[in-house]
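Enquirer: Sharing a structure, written as structure tokens. Questions coming.
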DNA sequence: GTCTATAGTGCGATAGAC
DNA sequence: GTCTATCGCACTATAGAC
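Protein chains in written order, with the working numbering: chain F, 6 to 202; chain V, 6 to 202.
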């Protein structure tokens with residue numbers, strides 16, 4: 006019989022998600038996952054740096070879709086428009102077909118502080134990458150980092166709403182709404198806030 | 006609180022910081038820390054849930070100083086002004102005397118991805134707490150969470166600048182500048198296309 | 001592919017503080 | 001006496017070393 010079967014990585018991911026959902030993340034050992042996927046523990050750790058990482062694969066593709074609209078925008082595009090375009094890129098990465106999968110995965114992440122931390126770490130990596138892309142376009146600090154943080158924050162909040170139980174709007178629609186809300190926040194009225202001297 | 010030898014917790018923190026700085030975080034074992042602080046490993050884990058946590062104690066005091074200005078503000082204070090006040094609270098928690106200590110700790114955190122993740126997790130907790138405080142004041146969603154994210158993001162970026170090598174302005178001054186930059190980012194038309202910077 | 005160091009847990013015992 | 005910090009020991013699972 007074959008010692009090596011194709012799709013090991015995907016099988017490990019699927020098995021992990023199922024076992025985590027059934028028994029909880031901490032109560033599921035890597036040994037169990039490996040056994041269910043018919044590989045050794047060592048194989049699991051060759052595919053994923055640690056137990057948490059199995060839930061966060063595919064990050065690079067996501068980063069690319071976030072960054073691409075930034076890189077291909079016309080030269081004189083205002084920074085806020087670049088943020089807006091990046092958010093449209095995320096919406097393309099998360100079409101409605103993905104919503105069910107995301108809804109299944111999120112409760113697992115939310116149930117474990119260490120998984121939340123990893124999720125935040127991934128978002129922070131994304132922030133750094135967008136900051137780099139913006140600086141490459143000539144956006145200067147601290148505006149570039151601030152814009153990058155804004156983009157990722159709006160994405161994150163929008164994503165959370167996107168997978169909320171009663172939500173059926175597209176990620177793009179939600180992101181646009183959140184970005185408008187941010188504008189309203191910092192400019193509460195036409196005359197603005199009074200002297201923060 | 007300590008009956009046997011006072012200051013066990015503080016001793017563990019100081020010893021940890023020193024050993025982490027000298028040898029690196031991963032290369033320092035809890036056994037070493039415990040030995041240097043003249044307690045057992047078990048005592049270390051009694052005070053800190055895990056090895057990383059020893060670098061993040063005192064979070065509650067910080068959260069309190071962040072939230073207090075929000076809670077005590079006049080009833081009709083605009084949300085953005087609450088954000089501004091919260092940022093002033095952080096500046097009070099990080100006076101210039103703390104800067105040297107923060108500068109010593111940050112490179113340790115930055116050197117280890119797992120410590121960065123923990124730091125982000127702490128900031129996320131802070132975000133949740135501010136969001137609660139804002140909702141208690143009647144700020145409605147999604148504005149409350151958005152404002153909370155904004156406050157924490159601006160704090161984080163400002164803090165990073167505050168401990169930068171050549172920086173000598175107060176945290177409050179930096180935070181004010183960053184908040185203004187955010188306003189300029191999302192309302193480019195009022196200041197011209199490229200913002201102020 | 002096997003072995004092992006180390007993080008982290010559970011629980012009972014001990015000993016000072018009150 | 002109660003309370004709580006500390007210890008000691010057995011134990012598991014992760015993650016990296018060999």
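Quick reminder that beta carbons are idealized off the backbone N, C-alpha and C, glycines included.
Can you tell me where the alpha helix (DSSP H) with residue 135/F in it begins and where it stops?
Expert: 118-141
Enquirer: Would the segment 177-189 of chain V count as touching the segment 170-186 of chain F if we require 3 or more Cβ pairs under 8 Å?
Expert: no
Enquirer: Quick one: using the 10 Å Cβ neighbour count with 16 as the cut-off for buried, is residue 18/F buried or exposed?
Expert: buried
Enquirer: Can you give the Cα-Cα distance for residue 160/V and residue 118/V, rounded to whole angstroms?
Expert: 21 Å
Enquirer: Does the segment 129-138 of chain F come close enough to the segment 132-143 of chain V to have 3 or more Cβ pairs within less than 8 Å?
Expert: By the criterion of at least three beta-carbon pairs nearer than 8 Å, the segment 129-138 of chain F is not in contact with the segment 132-143 of chain V.
Enquirer: Can you pull the chain F residues whose beta carbon is under 8 Å from the beta carbon of residue 121/V, in chain order?
Expert: 126, 129
Enquirer: Straight-line CA distance for residue 42/F to residue 14/F?
Expert: 9 Å
Enquirer: Buried or exposed for residue 107/F, going by 16 or more other Cβ atoms inside 10 Å?
Expert: exposed
Enquirer: Return the residues of the segment 92-121 of chain V that lie within a Cβ-Cβ distance of less than 9 Å from chain F, sorted by chain order.
Expert: For the segment 92-121 of chain V, which is checked against every Cβ of chain F, the residues closer than 9 Å are 118, 119, 121.
Enquirer: Are the beta-carbon atoms belonging to residue 87/V and residue 78/V less than 7 Å from one another?
Expert: yes
Enquirer: Whole angstroms is fine: what's the gap from residue 170/F's alpha carbon to residue 80/V's?
Expert: 33 Å
Enquirer: Using the three-state DSSP reduction, which class does residue 193/V fall into: helix, strand or coil?
Expert: helix
Enquirer: Checking contacts by CB at 7 Å: is residue 190/V closer than that to chain F?
Expert: yes
Enquirer: Using three-state DSSP, classify residue 85/F as helix, strand or coil.
Expert: helix
Enquirer: Which bits of chain F does residue 222/V rub up against, with CB to CB less than 7 Å?
Expert: Because chain V spans 6 through 202 in this model, residue 222/V falls outside it and cannot be assessed.
Enquirer: Just verifying my parser: in three-state terms, what is the DSSP assignment at residue 164/F?
Expert: helix
Enquirer: Going along the segment 64-96 of chain V in order, which residues come within less than 7 Å of chain F, judged by CB to CB distance?
Expert: 83, 84, 85, 86, 89
Enquirer: Taking the alpha carbon of residue 61/V as the point to measure from, which residue in 105/V, 173/V, 122/V, 149/V has its own alpha carbon closest?
Expert: Ranking the options by Cα distance to residue 61/V, first place goes to 122/V.
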